[in-house]
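K.L.:
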Amino acid sequence: MTDHSSVSQQEANSSASSEPFHFPAGIPGFEDHKNFILMSRGNMRPFLWLQSVDNKEVCLPVISCLLLTKKVLRYMTEEHLALIGTPPKDQVAPYYVLRVDSQAGTITANTKAPIVINLESKEGYQVFMEGDDLRVDEPLADLVPSSSRRDS
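Note that numbering that gives the first Met the number 0 gives residue 75 to position 76 of the sequence shown, counting from 1, and the numbers run on in steps of one.
1. What ranges does the beta strand (DSSP E) occupy inside the region 47-100, keeping only unbroken runs of at least 3 residues that lie completely in it?
2. Assuming P113 is part of the beta strand (DSSP E), what are its boundary residues?
3. Taking DSSP's pairing of strands, which residues face P138 in a bridge?
4. Under the three-state reduction of DSSP, which class applies to V143: helix, strand or coil?
5. Can you tell me whether DSSP reads M0 as helix, strand or coil?
6. Can you list, in chain order, the residues of its chain with a C-beta nearer than 6 Å to that of L118? Leave out the 5 residues immediately preceding and following it.
7. Looking at the strands, I want to know which residues DSSP matches up with F29.
8. Hey, would you say L66 sits closer than 7 Å to P45, going by beta carbons?
9. Among I83, G130 and T105, whose alpha-carbon lies nearest the alpha-carbon of I114?
10. Assign N109 to buried or exposed, taking buried as 16 or more other Cβ atoms, counted over all protein chains shown, within 10 Å of its Cβ.
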């Protein structure tokens, strides 16, 4: 597997695009929505939004897995990659779906089921992976590399 630890934030965010990505199976909970765009909003980077082309209200906050400490590509099997056409590893863009709890002031990442996009074919899929250290509600603060953390 490719080591993405040297990927810069700019490279990891570069796939924000108005060109739609096709999700043949939709996304769990949004199976009727097959086409999404990945977009950024103002100064909100590194956060991105995966927005349905068919319904602008269907919009999921995501972050590139390549920016964080848990390297999701090491958990990906050939079966996972086959879901998006078996692209070369450097053409796989993995994203964690985020959950923002504004009342608690927390953000969690679903590290167990990332969104993966084939940058060549523009196909995407939410894959479900095995791993004892993968969670559906991992605190985002625990995934930020120590060199990127702001001192309080």
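Even glycine gets a Cβ: it sits at the ideal position worked out from N, Cα and C. What you are looking at is a predicted structure, and each value in this text was computed from that prediction instead of being measured.
P.N.:
Per the coordinate set shown:
1. Counting whole runs of 3 or more residues, the region 47-100 contains the beta strand (DSSP E) stretches 58-63 and 91-100.
2. Sequence index remark: in the sequence shown, residue 113 carries index 114 (1-based). Unbroken beta strand (DSSP E) run through P113: T105 to N117.
3. To locate residue 138, count along the sequence shown from 1; it is residue 139. In the DSSP output, where bridge partners are listed per residue, P138 has T107.
4. On the sequence shown, position 144 is the one that residue 143 refers to. Residue state, collapsed to three classes: coil.
5. Here the question's residue 0 lines up with position 1 in the sequence shown. Unreliable placement is indicated for M0, whose pLDDT of 34 sits below 50; the coordinate value is still reported in the next sentence. In this structure, M0 counts as coil in the three-state DSSP scheme.
6. Reading the sequence shown from its first residue, position 119 is the one you call residue 118. Counting only Cβ-Cβ distances below 6 Å, and skipping sequence neighbours, we find Q90 and A92.
7. Taking the first residue of the sequence shown as position 1, residue 29 is located at position 30. DSSP lists I26 as partners of F29.
8. Position 67 of the sequence shown, counted from the first residue, corresponds to residue 66. Position 46 of the sequence shown, counted from the first residue, corresponds to residue 45. Closer than 7 Å, so yes.
9. Residue numbering aside, residue 114 sits at position 115 when the sequence shown is read from its first letter. The option with the nearest alpha carbon to I114 is I83.
10. Residue mapping note: residue 109 aligns to position 110 of the sequence shown, counting from 1. It counts as buried.
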